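Here the sequence shown stands for residues 134 to 608, where the numbers follow the working numbering.
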Amino acid sequence: MLQPTGPFIAIAPSDSHRDELNDLPLPVAVLSVDEAGAPIARLADTSLSQANAYAQMVGMLVLSPEAATEAAAIADAWSARFGTDLPPTLDLSQPQDAPRTAILSWLVATLADGRATQAARNVQLQRDLGALRSVHEATQTAFSRLETYVYKLGGPARTLAFQLEPIRSRPPVTLQNKDRAEQRLPMSSAGLSDVAVSIAERPGDADGQLDLSLELQESGEIVAEWTVPAAELQEGWLRLSRAVSLATDRQTVILRVQWQGSSQLKLSQTIAHPDPRFRVSRNSVPQEAVLAAAGWSCVAGTSLPHPAGAWADRIIHPRRWIVPTQALREAHSASPDGTVAYSDALGGLTVTPTSAGPAIARISGAGVPGMQQIICGVETKADAGPTVEYALAILPAEPDRSGPIGVAALAAGTMTDWVPLPVARWAEIQLFLEAPLDAPSDICVLTRLQEADIESETAVPDDLRCCVFNIRANA
Numbered sequence: 134m135l136q137p138t139g140p141f142i143a144i145a146p147s148d149s150h151r152d153e154l155n156d157l158p159l160p161v162a163v164l165s166v167d168e169a170g171a172p173i174a175r176l177a178d179t180s181l182s183q184a185n186a187y188a189q190m191v192g193m194l195v196l197s198p199e200a201a202t203e204a205a206a207i208a209d210a211w212s213a214r215f216g217t218d219l220p221p222t223l224d225l226s227q228p229q230d231a232p233r234t235a236i237l238s239w240l241v242a243t244l245a246d247g248r249a250t251q252a253a254r255n256v257q258l259q260r261d262l263g264a265l266r267s268v269h270e271a272t273q274t275a276f277s278r279l280e281t282y283v284y285k286l287g288g289p290a291r292t293l294a295f296q297l298e299p300i301r302s303r304p305p306v307t308l309q310n311k312d313r314a315e316q317r318l319p320m321s322s323a324g325l326s327d328v329a330v331s332i333a334e335r336p337g338d339a340d341g342q343l344d345l346s347l348e349l350q351e352s353g354e355i356v357a358e359w360t361v362p363a364a365e366l367q368e369g370w371l372r373l374s375r376a377v378s379l380a381t382d383r384q385t386v387i388l389r390v391q392w393q394g395s396s397q398l399k400l401s402q403t404i405a406h407p408d409p410r411f412r413v414s415r416n417s418v419p420q421e422a423v424l425a426a427a428g429w430s431c432v433a434g435t436s437l438p439h440p441a442g443a444w445a446d447r448i449i450h451p452r453r454w455i456v457p458t459q460a461l462r463e464a465h466s467a468s469p470d471g472t473v474a475y476s477d478a479l480g481g482l483t484v485t486p487t488s489a490g491p492a493i494a495r496i497s498g499a500g501v502p503g504m505q506q507i508i509c510g511v512e513t514k515a516d517a518g519p520t521v522e523y524a525l526a527i528l529p530a531e532p533d534r535s536g537p538i539g540v541a542a543l544a545a546g547t548m549t550d551w552v553p554l555p556v557a558r559w560a561e562i563q564l565f566l567e568a569p570l571d572a573p574s575d576i577c578v579l580t581r582l583q584e585a586d587i588e589s590e591t592a593v594p595d596d597l598r599c600c601v602f603n604i605r606a607n608a
């Protein structure tokens with residue numbers, strides 16, 4: 134069985150002059166091909182696959198009048214199989230004085246033409262690849278610019294996809310040291326950006342840690358991992374975020390939890406479910422109900438600002454953060470004067486001063502480690518009124534502190550200059566830190582009237598609202 138490793142010439146199997154070729158020393162092999170009724174030519178005496186053999190076939194020799202008919206059938210089969218003409222055919226059915234010379238001349242011309250065609254195709258292929266790369270880079274640049282534009286408008290939003298509230302009447306899932314819990318989430322992986330679990334009770338001991346991960350059931354891929362020290366666990370929702378939302382491939386998401394600590398960890402449960410696959414399991418044993426959990430989603434594969442107060446994925450560290458609306462709703466006043474409230478109608482936090490003194494809004498835990506540049510949009514909304522000055526400040530987090538803070542105390546720390554803003558004018562306030570935050574902190578927004586208006590006791594109109602929007606940060 135012949136096994137050519139280079140170009141070869143094909144002849145019809147019934148060609149009676151084949152033996153004569155054995156007496157002609159040729160630089161290529163000579164193989165028979167036939168057409169056996171099927172619309173496809175095949176090699177009669179070679180073990181090469183058709184794809185490899187046909188790629189190496191230089192052309193076909195017709196050595197007798199009888200073979201000409203078979204050559205026509207083979208040409209038709211070739212055209213039907215590959216959608217192109219058979220390689221060049223050399224007709225030597227008539228007696229030749231120098232058949233070897235004729236074959237060699239034909240071989241040289243055919244191979245040279247083939248090499249020239251191949252070189253031209255390679256050049257065209259490289260040009261097409263270059264054009265494709267240019268189009269790809271232009272597309273990537275366009276998407277990058279679009280992403281930047283979206284961030285300037287406030288960033289892509291993490292939308293709440295589901296929330297299973299804890300039911301206090303149900304006993305929590307209690308985890309001892311090295312216990313594991315597993316919960317199938319009621320949403321697909323496409324666009325998943327955040328998950329949250331409900332801590333029923335703060336652990337009694339500060340030693341230990343809670344490890345959480347997300348695994349895609351179909352592929353077995355772990356797409357996110359978090360580690361939360363026991364000392365940081367509080368009763369209520371524990372939010373866990375990814376810097377990039379998951380891709381469009383829809384898969385089943387499994388949340389895995391492992392507790393390591395000397396005390397117990399209790400996770401809240403919610404509704405019961407008749408299917409054990411959807412219940413929470415503890416050490417592979419299904420429980421009666423579903424784990425209280427929540428999930429957020431965004432456009433699949435989108436790089437997202439990290440929500441303040443959420444734990445970052447160990448796999449991808451965030452470079453951007455955004456203070457979620459819930460944190461703005463929970464902001465409290467840190468001054469005896471002015472009002473602090475979240476306005477659904479305006480879609481932002483209002484921090485409105487009075488002629489008696491400034492207003493200070495303290496957003497607890499909004500500053501997270503890694504932040505170095507804090508930005509917020511501000512606008513004074515009113516038909517007419519005095520100019521209002523705005524400032525941003527940062528303070529160490531003090532969860533138990535809710536009393537007033539003096540402006541002097543803030544100014545002694547890290548605080549921006551006062552930025553005056555007339556009525557109905559929008560602006561951005563930016564606070565640059567000398568070094569990234571290394572501990573959880575509180576963000577403070579301050580507003581006051583200008584000194585001249587305070588001295589003249591200018592009245593603040595009832596409809597005046599000092600609005601703060603889109604508080605975000607960069608590393």
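Quick reminder that beta carbons are idealized off the backbone N, C-alpha and C, glycines included.
Keep in mind it's a predicted model, so treat the numbers as computed, not measured.
Check: Candidates W444, R412, V306, of which the one nearest L400 by Cα; Outcome: V306
Check: For D575, the residue or residues it bridges with in DSSP; Outcome: L528
Check: Three-state secondary structure (DSSP) of P491; Outcome: coil
Check: Contact set for Y475: own chain, Cβ-Cβ below 6 Å, skip 5 residues either direction; Outcome: L461, R462, L482
Check: Under the three-state DSSP convention, the category A478 falls into; Outcome: coil
Check: For R452, the three-state DSSP class (helix, strand or coil); Outcome: coil
Check: Cα-Cα separation between P469 and C577, rounded to whole angstroms; Outcome: 15 Å
Check: Pair within 9 Å by beta-carbon distance, A517 and V556; Outcome: yes
Check: Residue closest to S488, alpha-carbon to alpha-carbon, out of D596, L388, E365, E584; Outcome: E584
Check: Start and end residues, alpha helix (DSSP H) containing A208; Outcome: 198-215
Check: DSSP three-state assignment for A174, whether helix, strand or coil; Outcome: Low confidence applies here, because A174 scores a pLDDT of 49, under 50, leaving its location unreliable; read the following figure in that light. In the structure shown, A174 sits in coil (DSSP, three-state: anything other than H, G, I, E or B).
Check: Rounded distance between the beta-carbons of P486 and T591, thought under 8 Å; Outcome: Going by Cβ atoms, the distance from T591 to P486 rounds to 11 Å, so no, they are not a contact pair.
Check: Under the three-state DSSP convention, the category H360 falls into; Outcome: Here residue 360 is Thr; the residue named in the question, His, does not match the sequence. Looking at T360 - three-state DSSP - the assignment turns out to be strand.
Check: Under the three-state DSSP convention, the category I236 falls into; Outcome: helix
Check: Which of helix, strand or coil DSSP assigns to G503; Outcome: coil
Check: C599 - partner residues in DSSP beta bridges; Outcome: T513
Check: Coil, strand or helix - I538 by DSSP; Outcome: coil
Check: Residues near D596 in its chain [Cβ-Cβ closer than 7 Å; skip 5 each side]; Outcome: A515, D516
Check: Per-residue burial, V191 [other beta carbons within 10 Å of its own, 16 or more giving buried]; Outcome: buried
Check: Of the listed residues D586, P569, L582, nearest to A608 (C-alpha basis); Outcome: P569
Check: Given 8 Å, three or more beta-carbon pairs between the stretch 341-358 and the stretch 272-279; Outcome: no
Check: Where Y282 falls, given that 16 or more other Cβ within 10 Å makes a residue buried; Outcome: exposed
Check: Buried versus exposed call for R412 [16 or more other C-beta atoms within 10 Å across all chains shown]; Outcome: buried
Check: Bridge partner(s) assigned by DSSP for N607; Outcome: R453, Q506
Check: Simplified DSSP assignment, three categories, for R301; Outcome: coil
Check: Residue environment, Q459, which counts as buried when at least 16 other CB atoms sit within 10 Å; Outcome: exposed
Check: Same chain only: Cβ atoms within 7 Å of Q309, ignoring 5 sequence neighbours per side; Outcome: Q397
Check: Residues bridged to A427 (per DSSP); Outcome: Q296, A329
Check: 8 Å contact criterion, which E512 and R558 should meet: CB distance rounded; Outcome: 7 Å
Check: Residues near R291 in its chain [Cβ-Cβ closer than 7 Å; skip 5 each side]; Outcome: S326, D327, W429, C431, L437, P440
Check: Backbone CA spacing between P304 and Q393 [nearest angstrom]; Outcome: 21 Å
Check: From P220, D408, D261, residue whose alpha carbon lies closest to that of A242; Outcome: P220
Check: Selection from H406, P573, R452 that minimises the alpha carbon distance to P529; Outcome: P573
Check: Nearest to I455 (by Cα), restricted to the options D408, D246, Q505; Outcome: Q505
Check: Among I538, S466, A545, P457, the one whose alpha carbon lies nearest that of C675; Outcome: Here the chain has residues from 134 to 608 only, and residue 675 is not among them.
Check: Residue closest to S238, alpha-carbon to alpha-carbon, out of A249, T250, P228, L223; Outcome: L223
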